[in-house]
Structures are given as structure tokens and as C-alpha cells.
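Scroll down for the structure; my scribbles are underneath it.
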Amino acid sequence: MSMTFFQMLNGATFAALLFVVASGFTLIFGLMRIVNLAHGALYLMGGYIGYSVGIATGNFFLSAVAAALGIALIGLIIDIGLLRFIKTTELRQVLLTLGVAFVLNDIALVIWGGDAFSVPVPQSLQGPSNFAGLVYPKYRLFVLLMGVLIFIGLWLLLHKTRLGALIRAGVDDAETVEAMGVDIKRIFVYTFMLGSALAGLGGAMGGAFLTLYPTADSEILVYSMAVVIIGGRGSLKGAALGSLLVGMLATFGQVWFPELAYFVIFGPMAILLAFKPLGLFGRAA
Amino acid sequence: MISALKRRALWVGLGLFFVMVLPFIFTGYKTSIATEILIFAILAMSIDILAGHSGRTPLCHGAIFGVATYVVLYYVTVTGGSVWVGSLLGILAAVLTAVVFALLAIRTSGVYFILLTLALGMIVWGLCLRWTSVTGGENGLRGTVRPEWLANQVHLYYFVAVCFVVLTYAMWRFVNSPFGQTLKGIRESESRMRTLGYDVSIHLFLGFTVSGLFAGIAGALYAFFNSFVSPSTVALAQSVEGLLMAIVGGAGSLLGAIIGSALVIILENAVSLYTERWLMVLGFMFIITMLFAPQGIVGAVKSLMTRYGRKPAQKSSQ
């Protein structure tokens, strides 16, 4: 198997993980107009929860569920406990989530310490898969599959359910949705919890092949931001395409220019932003 | 009854006197804390030029600041050059960084501006972390860059204090100049300024660059003070700390940035005596400020004064 193809698979699997994390980020950003700067911290926290549950129960499925639910709960607390009080000023909300990120990271450091961890992977997903002459880690293929399934699931949620229709309407014009008698605050809470749950799930998924360590949160946050800047606020399609682009660039950048890997992602992002400030699929608020 | 002008002169004189006698009151290691406060006050004021006076909240100033620190330390310890040339190069590098950041970021505003400046700052951080052959990676760069006559803590304090006074005056003149007033106009209403015929982009670009210049000078001074630089100097936490200083003191007031710097640095040193959880304290400070006192200390004092029927004090430091 050629090296390039191997790298492309690496890029695609990383993109799948990025999509899971960034789709939550973009949903919250799209609907509530706030950049949740604690999203990376939620990812890391989810990974740690997944790790602890995985060690305790030995069940990967349980650890992923626990991570998603645990982080959804933290998201609920952040939204109704903090953000609700300053609903009108987005700038203050963003800076507040920054404070939350610092607190969460430090709590994680107290509980789990500074060592690197990996979420335990079930026996059936360990080792390489051998498929038509293609040797590749099974777990990473599983992540790829999960990314695609979550994309389909989110698409169905947004386009085939009433809640999804309300979320999409809210992304375009939250005020009008509220004026039509919809309790937009409830939609906000659901979206914030859903977005957080995706971050937590991403933590458990990513924690099994990228290790978890104290600064992993800011790396994933920066990647997610790049995805959303490229794809456009609140767009699922944008998040998918952005993830693919960032995943590939990050993987090939690390192979070709290991010391300048960040430039490889942010160069194209900056150029795109100069021509399309709202991203590929972004629409003006 | 003394006139407002005389009263202002009196306050400025008192402030200057306080800065000059500080090493006699706070001796020993406390002098170095005072030095640190002054350096970070310069950084916080440079952030306030954007956050307070132009209505653009940047999260990249730690990176601009740190670039200068890196260049000074690299030039002096690795290539063995003169510290003054190194400082000049460091400040130049910081200004260049600010120019690039500004070109990309001025098109955006509000949340997007935060997002983009954060990402840009992160690139610098990633570069400093990974480009080990130049930056030393995690280990950073270490070495004394101070010339002989600044080796003493007290001498260094006075050197920094003189820079601080000169730079504070320069920034005060800047934000009160017609140019600075234009920035304030942009903060209040961008569309109105555009309608009046002002080129908003050019003004923001220059404002950003000037802000980067001052942040770079602070970074070069930090190289004198700290004799060490690592990726944590350019990390997000540094940008956040600087922004917190500007906001806690009161955004839109240079005096607020100085008060904020003193408060955050003193608290940091006090907290470090008891616990390693400084980042958590920093996070909580941010949350509490955003929830309860977004206008900061100076803003709170002003609104208190108005409430009790007194005319608000002259904006001596704006």
C-alpha cells in the first residue's frame, strides 16, 4: 500500500473525529451566536471521563456514553447557570466561556494529573484490519465510520425533526422564531447540551487514538475553530467539508513540514477568510 | 476650590512620586513584583487600545508580546549580539507580527475578531512549541540579556519605570489624539464613521499596529526581567491574562489597565504562595468579572460617584 494512501486514510479518520467535535461547536455558534471557547476543555473532560469509565468497566460503549452524557450535563450547567444571565451580550458570553475553559482544565489537572492517557479500546477494535491488501488500524476505521454515521444522524435530526427545523430557523433568525411563540431558550439549552455532548463523545473517541494530556484541549479547539471559520457558522455541510480539509492539511502538513504544521492549516484559512469572511457555507446574521 | 487641570496635575504628580519611591517601600523580591506589574501594565494598556478604545477584543497580544521576548533572547543568547540591537529587532518582529495579524483580522468584528485573533495567536504558540531548532521547544530559551548596570533589581525597576512613564504618556497622547478619537468613533458606530467618510479599515489597521508596537516593547522589557522564554509566554493564557487586566481595571481607561495589572499580578503572587491552582483562580476571576462587573473597577467607581450625586472625576488617564 502506498504511503500517500495511508496518509490519506489518516487524514480522513482525523477529519471524522474533527467533524464530531466541530459539528457541536458550529451548532452552538450558529444558533446562539457565541463561540464556546470551553469546547476544547469539554472535549478533554469527555476524554478523561471516557478513560475513567473505560478503566472501571472495561466497556468502550459505556465510556463513550458516559462521556457524552457527562459533558452534556456540564453544558447544561454552563448554559443555565452562567450564560443565561448575560444573554444579551455575546462578547461577554464568549469571554465567560474562556474563564470556564480555564476552570475546567484546571479541575481536570487536579483530578487526572498531568500524565497522558488513552481511552481503552475494546478487543474487537484493536490491531490492524486486513482488507483487500489494505492493512490499517481497525479502530481508526471505526472512527471514520462513526464520523459518517454521526453526520447522517445530525443531518436527519436537523432536517427531519421539528427540533431540527427550529434549530435551523434559529440559526437564520432567532428573534423571529421567538416572536412566533417558540420558547427559544429551551432550543438554546437543547442545542448547547447537544453541542457539548458531541464534544464529550469526540473526547472519548479521540482519546483512544490521540492521547489525552493537559494541552490537548487547545489543539482541538484551534482545529475546530479552523473548521468553523472555513465551513461557515452553523452549517453542517460546512463543518463536514471544513473537517475534511483541515484533517487532510493537518495530516499532510505534519508529514511534509513537521515544524510548520500549523501554517499549513492556517494559511489556506486566512486566504479563504480574505475572500469569503463568512466561510464556505456561512450566511450573514 | 482648585481647578480640574490642577487637580489632574496633582494626581499625575502623586502617581509619579509613588512609582519613584516604590522600591523604598517594597524592598527585596517585592521590587521585582513591582517591575512585573509595570511591564504587564504596558501590555494591558496596549490591549486596551484595541479592546477599550476601538471596540475590538484581541486574544493574540500574548503572542505579539512573546515574539519580542523570543527574538531578544534568541539574538542575545544564541547569536551573541548586543541586547539593544536585539530589543530593536524584537520590537520590530512584534510589529511585523501585529501587521500580519491586523491585515487578516480587521475585516472582522465582534465574536469573529476574537475567534480569528485567538487562532492567529495559537499559530505563534504552535510554532514556538514545534520549531525546536530555533525556539528550544518546551525547554525554551534561557540566558541573562541584561547589561551589567541593570543587573541589580532596583536598577532594573527604575529602568522599567522610566519606560513605563514614557510609554504611558505616549499611549495617553495616542488615545486622546484625533486619531484615537476616530477609533472611539468606530467603537461606537462603525457605519456612522464610514458614512462620515472615515476609512475604517485603515484606522483599525494602524490602531492594531500601534497596539502591537507597545505590546512588543513590553515583551522586550520582559526579556530583561525574566531572562527566560518558553511557549507559555506566547500561550493563550498570557493573552487572556493581559485582556483580563484591561477588563478588570476597566476597559476604555488606561488607568484601569494599570490597576488591573497590579491587581492580577499581586493576586497571582499571593495565590501562588498557597496553591498551584492559579489558572483556576484566573478562570473564576474572568467568570465573575463577566457576570457582575463587565465595566471594571474604574467603571464601577465612576458609576458609584454618579449615583452619589458627585460629578464623575476627570478621566485623567484616558
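The listed protein sequences derive, respectively, from chains A and B. According to the numbering used here, the residues represented by the first sequence are -4 to 280, in order. According to the numbering used here, the residues represented by the second sequence are -10 to 307, in order. Backbone N, C-alpha and C fix where the C-beta goes; we use that ideal spot for every residue, glycine too. Nothing here was measured: the structure is a model prediction, and the numbers come from that model.
Closest by C-alpha distance to residue 54/B, when choosing among 249/B, 285/B and 225/B: Numbered from 1 along the second sequence, position 65 holds the residue referred to as residue 54/B. Checking every option, the nearest Cα to that of residue 54/B belongs to 225/B.
Inter-residue Cα distance where the pair is residue 288/B and residue 239/B: As a working note, residue 288/B is residue 299 in the second sequence. As a working note, residue 239/B is residue 250 in the second sequence. Rounded to the nearest angstrom, the two C-alpha atoms are 6 Å apart.
Helix, strand or coil at residue 152/A according to DSSP, with G and I counted as helix: In the first sequence, residue 152/A corresponds to position 157, counting from 1. Here residue 152/A sits in helix by DSSP.
CA nearest to the CA of residue 235/A, picked from 10/A, 3/A, 2/A and 5/A: Locating residue 235/A in the first sequence gives position 240, where the first residue counts as 1. Ranking the options by Cα distance to residue 235/A, first place goes to 10/A.
Coil, strand or helix - residue 119/B by DSSP: Counted from its first residue, the second sequence places residue 119/B at position 130. Here residue 119/B carries a helix assignment [DSSP, helix/strand/coil].
Option in 98/B, 133/B and 61/B with minimal Cα separation from residue 80/B: Mapped onto the second sequence, residue 80/B falls at position 91. The shortest Cα separation from residue 80/B among 98/B, 133/B and 61/B belongs to 61/B.
Alpha helix (DSSP H) runs wholly inside the region 124 to 198 of chain A, at least 4 long, in chain order: Counting only runs of 4 or more residues that sit fully inside the region 124 to 198 of chain A, the alpha helix (DSSP H) segments are 133 to 155 and 157 to 174, in chain order.
Opening and closing residue of the alpha helix (DSSP H) in which residue 135/B lies: Against the second sequence, residue 135/B aligns to sequence position 146. For residue 135/B, there is no enclosing alpha helix (DSSP H), as DSSP marks it with neither H nor E.
Nearest candidate by alpha-carbon position, reference residue 221/B, set 51/B, 7/B and 262/B: For this step, residue 221/B is matched to residue 232 along the second sequence. Ranked by how close their Cα comes to the Cα of residue 221/B, the residues 51/B, 7/B and 262/B have 51/B in first place.
Contact residues within the region 276 to 288 of chain B, judged by C-beta distance below 7 Å to chain A: Answer set for the region 276 to 288 of chain B: 276, 279, 280 and 283.
Identity of the residue in 183/A, 160/A and 209/A nearest residue 37/A by Cα: Translated into the one-based positions of the first sequence, residue 37/A becomes position 42. Comparing Cα-Cα distances from residue 37/A to each of 183/A, 160/A and 209/A, the minimum goes to 209/A.
Residue 86/A: first and last residue of the uninterrupted alpha helix (DSSP H) it sits in: Your numbering for residue 86/A matches position 91 in the first sequence. Where residue 86/A is concerned, the enclosing alpha helix (DSSP H) starts and stops at 85 to 107.
Chain A contact residues for residue 201/B, given Cβ-Cβ distances below 8 Å: In the second sequence, the residue the question calls residue 201/B occupies position 212. What residue 201/B touches in chain A: nothing, since even the nearest Cβ is about 17 Å away.
Residue-chain proximity (residue 135/B, chain A), Cβ-Cβ < 8 Å: Looking up residue 135/B in the second sequence gives position 146. So no, residue 135/B is outside the interface.
Coil, strand or helix - residue 154/B by DSSP: To locate residue 154/B, count along the second sequence from 1; it is residue 165. Looking at residue 154/B - three-state DSSP - the assignment turns out to be helix.
Residue 29/B (DSSP reduced to helix, strand or coil): The residue given as residue 29/B occupies position 40 in the second sequence. Residue state, collapsed to three classes: helix.
Whole-angstrom distance between residue 190/A and residue 70/A, CA atom to CA atom: Position 75 of the first sequence, counted from the start, is the residue given in the question as residue 70/A. Position 195 of the first sequence, counted from the start, is the residue given in the question as residue 190/A. When rounded, the distance between both Cα atoms is 8 Å.
Simplified DSSP state of residue 30/A, which is helix, strand or coil: In the first sequence, residue 30/A corresponds to position 35, counting from 1. Residue 30/A falls in the coil class under three-state DSSP.
Within chain B, the residues that residue 100/A reaches when beta carbons sit closer than 9 Å: Here residue 100/A refers to the residue found at position 105 when the first sequence is read from its first residue. Neighbours of residue 100/A on chain B, chain order: 268, 269 and 272.
Contact belief for residue 245/A with residue 19/A at Cβ below 8 Å, rounded distance in angstroms: On the first sequence, residue 245/A is found 250 positions in, with the first residue counted as 1. On the first sequence, residue 19/A is found 24 positions in, with the first residue counted as 1. Between residue 19/A and residue 245/A the Cβ distance is about 19 Å, and since that is not below 8 Å, they are no contact.
Residue 270/B and residue 252/B closer than 8 Å at C-beta: What you label residue 270/B is simply residue 281 of the second sequence in a count that begins at 1. What you label residue 252/B is simply residue 263 of the second sequence in a count that begins at 1. No. Outside cutoff.
C-alpha distance - residue 178/A paired with residue 227/B, whole-angstrom precision: Walking along the first sequence from the start, residue 178/A turns up at place 183. Walking along the second sequence from the start, residue 227/B turns up at place 238. The C-alpha of residue 227/B is placed about 40 Å away from the C-alpha of residue 178/A.
Given residue 111/A as reference, the closest of 233/A, 271/A, 25/A and 207/A once Cα atoms are compared: Taking the first residue of the first sequence as position 1, residue 111/A is located at position 116. Per the Cα distances, 207/A.
Contacts of residue 111/B in chain A (Cβ-Cβ under 9 Å): On the second sequence, residue 111/B is found 122 positions in, with the first residue counted as 1. Listed by position along chain A, the residues whose Cβ is nearer than 9 Å to that of residue 111/B are 213, 214, 216, 217, 220, 257 and 261.
Under 8 Å (Cβ pairs) to chain A, residues found in the region 93 to 110 of chain B: Under the 8 Å Cβ criterion, the region 93 to 110 of chain B contributes 93, 96, 97, 99, 100, 101, 103, 104, 105, 107, 108 and 109.
Expected contact under 8 Å - CB spacing of residue 277/A and residue 233/A to nearest Å: Mapped onto the first sequence, residue 277/A falls at position 282. Mapped onto the first sequence, residue 233/A falls at position 238. About 7 Å separates the CB atoms of residue 277/A and residue 233/A; that is less than 8 Å, so the two are in contact.
According to DSSP, residues forming a beta bridge with residue 112/A: One-based indexing of the first sequence puts residue 112/A at position 117. DSSP, once it has assigned bridges, lists 207/A as partnering residue 112/A.
Near-chain B residues of the region 240 to 254 of chain A - C-beta to any C-beta below 8 Å: Shown in chain order are the members of the region 240 to 254 of chain A whose Cβ falls below 8 Å from a Cβ of chain B: 253 and 254.
Between the CA atoms of residue 203/B and residue 161/B - distance to the nearest angstrom: By 1-based counting over the second sequence, the position of residue 161/B is 172. By 1-based counting over the second sequence, the position of residue 203/B is 214. Rounded to whole angstroms, residue 161/B to residue 203/B spans 12 Å at the Cα level.
Supposed contact pair residue 146/A and residue 23/A - C-beta distance, whole angstroms, cut 8 Å: Looking up residue 23/A in the first sequence gives position 28. Looking up residue 146/A in the first sequence gives position 151. Cβ-Cβ separation between residue 23/A and residue 146/A: approximately 17 Å, too far for a contact (criterion under 8 Å).
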